[in-house]
Every structure is written in C-alpha cells, then in structure tokens.
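One structure below.
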Amino acid sequence: MESGPAVKEARAPATGRTRLRVRYPETDHMGVVHHTHYLTWFEVGRTELMRERGRAYADMEREGIFMPVAEAECRYLSPARYDEEIEIETRVASASRIRVEFAYSAIRANDGVLLATGRTVHVATDSGGVPRRMSQEYAAALGGSGGRSPRRVRR
Numbered sequence: 000m001e002s003g004p005a006v007k008e009a010r011a012p013a014t015g016r017t018r019l020r021v022r023y024p025e026t027d028h029m030g031v032v033h034h035t036h037y038l039t040w041f042e043v044g045r046t047e048l049m050r051e052r053g054r055a056y057a058d059m060e061r062e063g064i065f066m067p068v069a070e071a072e073c074r075y076l077s078p079a080r081y082d083e084e085i086e087i088e089t090r091v092a093s094a095s096r097i098r099v100e101f102a103y104s105a106i107r108a109n110d111g112v113l114l115a116t117g118r119t120v121h122v123a124t125d126s127g128g129v130p131r132r133m134s135q136e137y138a139a140a141l142g143g144s145g146g147r148s149p150r151r152v153r154r
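So the sequence shown is numbered by numbering that gives the first Met the number 0: it starts at 0 and just counts up by one.
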C-alpha cells in the first residue's frame with residue numbers, strides 16, 4: 000500500500016468542515032459575535048482544509064511559498080452567540096498555479112442555520128511578496144472542487 004502525499008491527496012475532502020465554539024471574548028456587549036471573528040474562523044477552516052489535503056501552510060512557507068490574502072468578503076446572514084457551536088465549511092472554489100479562491104459557510108451546528116458566507120482570494124508569492132507560481136504538486140492538491148474558472152492574472 001502506498002503512503003505519503005499522493006495518497007493523502009486522493010482522500011482529501013472536497014469540502015472541509017471545522018467545528019468551533021464561540022468564546023466569550025468573541026462577542027460584543029449584546030452577546031453577538033463581532034463581525035471580525037468570521038474572517039478568523041474562515042482562516043481556521045482554510046488552514047485545516049489545506050492540512051487535510053497534505054499541504055499545511057507551515058510546510059508551504061518552509062518551501063518558500065506564501066499565500067497572502069488579496070481579497071476577502073463576508074456576508075452576514077444571522078447572528079452567532081456565545082457558547083454556540085459553529086461549523087465552518089471550506090472549499091476551494093478555483094485554483095491555478097498562482098491564485099486560489101476559497102469559499103466559506105458558517106453554520107450554527109445545533110439547527111443548521113446559515114450564519115455567514117464568504118470568500119478569500121490568495122496569490123502565491125515568495126517571502127518578499129513577489130508573485131510566483133506554485134509547483135504543479137501544490138496546484139494539484141489545491142485543485143478546485145467546482146465553482147467558476149480562475150481569472151487570468153496579468154503580469
């Protein structure tokens with residue numbers, strides 16, 4: 000039986016699911032999660048999805064590939080509150096060797112209510128922030144699970 004990244008990629012989920020619990024300091028004085036925490040939760044979901052696909056961010060950075068956020072958006076639909084369990088669903092919406100778009104859904108675990116949706120776009124760079132192409136292996140591991148085709152990046 001084979002082992003290593005090739006096997007891990009074959010088993011990698013199209014959609015990652017990360018469960019977390021709303022902590023008290025994430026809420027405002029009305030007991031509602033402050034809007035900024037959704038982007039942090041999306042980052043947790045994205046990091047876990049990449050780890051499940053065998054491409055942890057720390058490993059990428061050791062190899063000289065960085066993935067800064069170029070765009071971020073979040074649409075808030077329903078409030079989350081202290082101590083609720085939230086599930087972050089994360090998927091790769093599109094990917095090329097230089098650009099990756101992730102799509103997210105934040106869902107209240109006990110009743111399935113959709114709390115927020117979002118997306119982030121990342122550009123592969125070197126440690127100095129200069130755009131560079133990812134290896135074919137990284138691009139394949141991040142290969143999209145549907146969604147629209149990646150836009151062309153002008154050089």
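Beta carbons: idealized from backbone N, C-alpha and C, even for Gly.
**Message:** Along the chain, where does the beta strand (DSSP E) containing residue 81 start, and where does it finish?
**Reply:** By 1-based counting over the sequence shown, the position of residue 81 is 82. Residue 81: not part of any beta strand (DSSP E); DSSP gives it neither H nor E.
**Request:** State the DSSP-derived secondary structure class of residue 143, mapped to helix, strand or coil.
**Result:** Mapped onto the sequence shown, residue 143 falls at position 144. In this predicted model, residue 143 has a pLDDT of only 47, less than 50, meaning its place in the structure is not dependable; the value taken from the coordinates is given anyway. Residue 143 falls in the coil class under three-state DSSP.
**Prompt:** According to DSSP, what are the bridge partners of residue 36?
**Reply:** Locating residue 36 in the sequence shown gives position 37, where the first residue counts as 1. Note: residue 36 sits in no beta bridge, so no partner.
**Prompt:** Under 8 Å, do residue 104 and residue 116 count as touching if we go by C-beta distance?
**Reply:** Within the sequence shown, numbered from 1, the residue matching residue 104 stands at position 105. Within the sequence shown, numbered from 1, the residue matching residue 116 stands at position 117. Contact: yes.
**Item:** Beta-carbon contacts of residue 108 that lie in its chain and below 8 Å, excluding the five residues immediately before and after
**Value:** Sequence index remark: in the sequence shown, residue 108 carries index 109 (1-based). In the same chain as residue 108, and ignoring 5 residues on each side of it, the C-beta atoms closer than 8 Å to its own belong to 18, 83, 84, 85, 86, in chain order.
**Asked** Are there 16 or more other CB atoms within 10 angstroms of the CB of residue 34, so buried, or fewer, so exposed?
**Response** For this step, residue 34 is matched to residue 35 along the sequence shown. Exposed is the call here.
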